[in-house]
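J.: Pasting in a structure now, in structure tokens, and then I'll have a few things to ask.
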Amino acid sequence: DRITCKVDLRGVAIGRWDVVVTNFDGKSTRLSGALLVKSAYPPTVTSITPNSTTNYGSINVTIRGNYFYTGAVVRIEKDNGTSKKVVNATNVVVKSATQITATVNVHGIETCNWDVVMVNPDGQSGTLKGGLNVIQQGPPQITVVSPNSAPNTGQVAVEITGSMFLNGAMVRLTKSGQVDIPALSVKYTFISFDEQKLTCVFDLRDKAPGSWNVVVRNPDGKEGRLDNAFTITADAPIITAISPSYIAPNT
Numbered sequence: 004d005r006i007t008c009k010v011d012l013r014g015v016a017i018g019r020w021d022v023v024v025t026n027f028d029g030k031s032t033r034l035s036g037a038l039l040v041k042s043a044y045p046p047t048v049t050s051i052t053p054n055s056t057t058n059y060g061s062i063n064v065t066i067r068g069n070y071f072y073t074g075a076v077v078r079i080e081k082d083n084g085t086s087k088k089v090v091n092a093t094n095v096v097v098k099s100a101t102q103i104t105a106t107v108n109v110h111g112i113e114t115c116n117w118d119v120v121m122v123n124p125d126g127q128s129g130t131l132k133g134g135l136n137v138i139q140q141g142p143p144q145i146t147v148v149s150p151n152s153a154p155n156t157g158q159v160a161v162e163i164t165g166s167m168f169l170n171g172a173m174v175r176l177t178k179s180g181q182v183d184i185p186a187l188s189v190k191y192t193f194i195s196f197d198e199q200k201l202t203c204v205f206d207l208r209d210k211a212p213g214s215w216n217v218v219v220r221n222p223d224g225k226e227g228r229l230d231n232a233f234t235i236t237a238d239a240p241i242i243t244a245i246s247p248s249y250i251a252p253n254t
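For reference, each letter of the sequence shown is one residue, going 4 to 254 in the working numbering.
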């Protein structure tokens, strides 16, 4: 037996649909996923932000392009000719037809340029060749400490700028012959692949004046140090009295 019919597909969701046939007596049969509704246009991927990262932990990315549909999947892949490596993204959210957010686990993956692939529910895909650059995670690189001096009379808030900082990094001041000064309330901020910031607080009360090294330690154990980058100052002495205040001339 055969049935021919027309189905109005305008505006319906893309992807696979079940086909259901119901007779006049109410009996029906279903063929699951029998009809594939496809978009008139395949998706295109034009950018990924950030487009560079180190191979430590996971990163949240924003992908932009066109013809994105709910239910899309995202992955990064590297085809070496003889083998293909694939990392599937998680937490994929289609914000609109032009934007997707997702999380990609880049921990320990190969350092190279990875293709960014987005696949719609209808099976059509778009690829941004070499869209994500992954490099080896190195030790922290400290470039600026601001302010770079403070008196030993209380706490001071400090901002440290550099690269290769990781979320969860610890900060301390070191000086030969002195006990390290650990930072309090360390906060990580990602600015770009080449710039991250750490804000923290140091309690400098009664600490030895002079030049101190600034040390950043990432969760992976790698450390970076900027020698003599911070100076602890002491208040100038104040003379309030002298006793005795008079000494007879030496005759």
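In this text, a Cβ means the ideal position worked out from N, Cα and C, and glycines have one as well.
Find out if the Cβ-Cβ distance for the pair Ile17, Tyr72 is shorter than 7 angstroms.
T.: Cβ distance < 7 angstroms, so Ile17 and Tyr72 count as in contact.
J.: Do the CB positions of Ser179 and Thr236 come within less than 7 angstroms of each other?
T.: Not a contact, by the Cβ cut-off of 7 angstroms.
J.: Could you give the C-beta distance for Val119 and Ile79, rounded to a whole number, given that I count them as a contact under 8 angstroms?
T.: Between Ile79 and Val119 the Cβ distance is about 6 angstroms, and since that is below 8 angstroms, they are a contact.
J.: Val148 and Ala232 - do their beta-carbons sit closer together than 7 angstroms?
T.: Yes; because the gap between Cβ atoms is below 7 angstroms, this pair is in contact.
J.: Name the residue from Asp11, Ile250, Thr85, Ser166 whose alpha carbon lies nearest to the alpha carbon of Lys225.
T.: Per the Cα distances, Ser166.
J.: Candidates Leu12, Lys98, Arg175: which alpha carbon is nearest Lys41's?
T.: The candidate whose alpha carbon is nearest that of Lys41 is Leu12.
J.: Alpha carbons only, please: which of Asn26, Phe27, Val24, Lys132 is nearest the one belonging to Thr47?
T.: It is Lys132 whose Cα lies nearest to the Cα of Thr47.
J.: With distances taken from CA atoms, which of Asp28, Gly36, Ser31, Cys8 is nearest Trp3?
T.: The structure shown does not extend to residue 3, since the chain spans only 4 to 254, so no value can be given for it.
J.: Going by C-alpha to C-alpha distance, which of Val96, Ala43, Gly84 sits closest to Arg67?
T.: The candidate whose alpha carbon is nearest that of Arg67 is Val96.
J.: With a threshold of 7 angstroms on Cβ separation, who are the neighbours of Val24 within its own chain once the five nearest residues in sequence on each side are excluded?
T.: Within the same chain, Val24 has close Cβ partners Ile6, Ser31, Thr32.
J.: Is the segment 175 to 191 in contact with the segment 113 to 128, if contact means three or more CB pairs nearer than 8 angstroms?
T.: Too few Cβ pairs lie closer than 8 angstroms, so no.
J.: With a threshold of 8 angstroms, are at least 3 pairs of Cβ atoms found where one atom belongs to the segment 187 to 196 and the other to the segment 239 to 251?
T.: The segment 187 to 196, when compared against the segment 239 to 251, does not touch it at the 8 angstroms Cβ threshold.
J.: Rounded to whole angstroms, how far is the Cβ of Trp215 from the Cβ of Leu176, which I believe are closer than 8 angstroms?
T.: That pair is a contact at about 4 angstroms.
J.: List the DSSP bridge partners of Ile235.
T.: Beta-bridge pairing links Ile235 to Ala153, Gly213.
J.: What number of angstroms, rounded off, separates the C-alpha of Gln158 from the C-alpha of Ser99?
T.: If I take the Cα positions, the gap works out to 46 angstroms.
J.: Is it buried or exposed for Gly14, if we count other Cβ within 10 angstroms and need 16 for buried?
T.: Exposed.
J.: Exposed or buried, what is Asp2 when buried is set at 16 or more other beta-carbons lying within 10 Å of its beta-carbon?
T.: The structure shown does not extend to residue 2, since the chain spans only 4 to 254, so no value can be given for it.
J.: Since Ser55 is in the beta strand (DSSP E), which residue starts that stretch and which ends it?
T.: Unbroken beta strand (DSSP E) run through Ser55: 55 to 57.
J.: Got a sec, what are the start and stop residues for the beta strand (DSSP E) Gly224 sits in?
T.: Premise fails: Gly224 is in no beta strand (DSSP E) and is neither H nor E.
J.: Helix, strand or coil, according to DSSP, for Val15 in the structure here?
T.: If DSSP states are grouped into helix, strand and coil, Val15 belongs with coil.
J.: Taking a contact to mean a Cβ-Cβ separation below 7 angstroms, would you say Ser50 touches Asn136 in this structure?
T.: It is not a contact, given that the beta carbons lie outside the stated cut-off.
J.: Tell me whether Cys203 sits in a helix, a strand or coil according to DSSP, three-state version.
T.: Strand, per DSSP.
J.: Which residue or residues does DSSP assign as beta-bridge partners of Ile250?
T.: Looking at the DSSP assignment, Ile250 forms no beta bridge with any residue, so it has no partner.
J.: Count the other CB atoms, across all protein chains shown, that sit within 10 Å of the CB of Ala244; report buried if there are 16 or more and exposed otherwise.
T.: Looking at its Cβ environment, which holds fewer than 16 other Cβ atoms inside 10 Å, Ala244 is exposed.
J.: Using a threshold of 7 angstroms, state whether the C-beta atoms of Thr93 and Thr104 are closer than that.
T.: Result no, Cβ atoms of Thr93 and Thr104 do not sit closer than 7 angstroms.
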